[in-house]
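Chemist: Encoded as structure tokens, here's the structure I'll be asking about.
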Amino acid sequence: MLLNSTFDSKTKPLSFLKFQTDTIFTGTEALSSNHVLITDTNGKIVDIVDEQSAGEDIQQFKGIVSPGFINCHCHLELSHLKNKIPEHTGMVDFILNVLQKRTAPEEEIQQAIQDAEAEMITNGIVAVGDICNTTDTLAQKHKNNLYYHNFIEVSGFVPSKAKERFDEGMKVFESFNQIFPNQTSLVPHAPYSVSENLFNLIQNKSSNQILSIHNQESEAENELFLTKSGDFLRLYKELGIDLSHFVPTQKSSLSSCITYLSKAAKTILAHDVFTSKTDLELIKTYSLKSKTQFYLCLCVLANRYISDSYPDQFIFQNNLDNIVIGTDSLASNHSLNILSEIKNINQKYPQASEFELLQCATYNGAVALNIEHQFGSFTKGKQPGVIWIEDFKTCNKPKKLV
Ligand SMILES: [Zn+2]
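So, in structure tokens, the structure goes:
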């Protein structure tokens, strides 16, 4: 709540929007129904006052009014793969399918990107952490319909190809960085797809940046690092990648690569399906040691699509402030809808309340993407988007109020 209110209903012009509802969720707390949220006509937060001080023309709602959602993990450029990849194949066949099917006519790719962005806007999303392997999304992002942080993703498990793959990634990075200078980072794809040489090159570019990495999405990822066994051997064979250089670290995949993330200001670990309690302890120790803040990004509907496996219940233990939410792409999800993600997480992890999950999807996401000065909470002067969830249990689409 904004204290020491300067809002005076008698002297200010009537160009304000005033919202009263069962619960105003501010991004971090749920306020009762005697509060009124006041914005200007562009949605900039003016104040939250009690109803007696709010004056006239108050719009009444049932349910929850919340700041707009932050989607911390998406691949907008894969939107044309909607309904093209079979479900429940497991990680290796999912990857093989994406690689095989991702090429498409330029018009089809661009139309799908445009439609997917429009879907996110309709679903109350205001900012996106978006993985990019190509410049396919650049033209749409240039329209500035949504805020994007662009994670330019590099991969390559063959050490001798590291420089070549890094240079390719840097070309894409430069294209985005010219237009979005503070909203672009070069990031590693996953522990199993980035060689030590390539990790080193990326790390040199990551000082004080926001990183994102796919983390422990499958059990096979840990098996590879622990014993050089499991389904990923099939992936490398199918892709014709020689693994003779690779010596298993006998540690989990996360503990094998975490030192390469130490220069970043923040790192978003996407998926975390097979992240153990020991891994979480490592993250906490490492956060203190290296001052890198880690965020665990849950993408449960993508987990259901790919493998029907989910992070363990302990992911929420003493960890709420570090959890954010993502949709992943339309290659592994039927929609880009953070409210659907929240509701599914709420069913699977009943210990996390709807308001705690709304915090993950608003305030926490904004902090993870370094945009809390504008997004994620109803704080005076911010323009976070105002969305209305009429009934948390039955509503699938929030309505954008301003
Ligand atoms: Zn992803």
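Numbering (the numbering used here), first residue to last: 647 to 1048.
A virtual CB, placed ideally from N, CA and C, is assigned to each residue, including glycine.
Bear in mind that the values here come from a model prediction, so they are computed numbers and not experimental data.
Please state the DSSP three-state secondary structure of residue 1078.
Modeler: This structure gives no information on residue 1078, because the portion of the chain shown stretches from 647 to 1048.
Chemist: Helix, strand or coil for residue 726 per DSSP?
Modeler: helix
Chemist: Rounding to the nearest angstrom, what Cα-Cα distance links residue 873 and residue 784 in this structure?
Modeler: 40 Å
Chemist: Could you give the residue range of the alpha helix (DSSP H) that holds residue 934?
Modeler: 923 to 936
Chemist: Any residue with its Cβ nearer than 6 Å to a heavy atom of ligand 1 should be included. What is that list in chain order?
Modeler: 719, 721, 777, 860, 916 and 974
Chemist: Taking the continuous alpha helix (DSSP H) assigned at residue 842, which residues delimit it?
Modeler: 842 to 850
Chemist: State buried or exposed for residue 673, treating a residue as buried only when at least 16 other CB atoms are found within 10 Å of its CB.
Modeler: Result: buried.
Chemist: Determine the extent of the alpha helix (DSSP H) in which residue 903 is found, giving its start and end residues.
Modeler: Per DSSP, residue 903 belongs to the alpha helix (DSSP H) from 899 to 903.
Chemist: Please go through the region 968 to 994 and give each complete beta strand (DSSP E) segment of 3 or more residues, from N-terminal end onward.
Modeler: 969 to 971
Chemist: Go ahead and pull the three-state DSSP assignment for residue 794.
Modeler: Three-state DSSP puts residue 794 in a strand.
Chemist: Tell me whether the region 670 to 689 and the region 739 to 751 touch, counting them as touching only if at least three CB pairs, one residue from each stretch, are closer than 8 Å.
Modeler: no
Chemist: Can you tell me whether residue 1018 is buried or exposed, with buried defined as 16 or more other CB within 10 angstroms of its CB?
Modeler: buried
Chemist: Under the DSSP definition of a beta bridge, which residues are partnered with residue 908?
Modeler: In the DSSP output, where bridge partners are listed per residue, residue 908 has none listed.
Chemist: Quick test of the definition: if touching needs 3 or more C-beta pairs under 8 Å, does the region 714 to 727 touch the region 692 to 703?
Modeler: These segments do not touch.
Chemist: Going by C-alpha to C-alpha distance, which of 802, 779, 773 and 911 sits closest to residue 795?
Modeler: Ranked by how close their Cα comes to the Cα of residue 795, the residues 802, 779, 773 and 911 have 773 in first place.
Chemist: Just confirm the distance between the C-beta atoms of residue 912 and residue 984, as a whole number of angstroms; I'd bet it's less than 8 Å.
Modeler: At roughly 19 Å, the Cβ-Cβ gap does not stay under 8 Å, so residue 912 and residue 984 are not in contact.
Chemist: Just reading off the beta strand (DSSP E) that residue 705 is part of, what are its end residues?
Modeler: 704 to 706
Chemist: Cα separation between residue 649 and residue 1023?
Modeler: Unreliable placement is indicated for residue 649, whose pLDDT of 46 sits below 50; the coordinate value is still reported in the next sentence. Taking the straight line from one Cα to the other gives about 15 Å.
Chemist: Nearest CA to the CA of residue 833: which residue from 844, 1004 and 1035?
Modeler: 844
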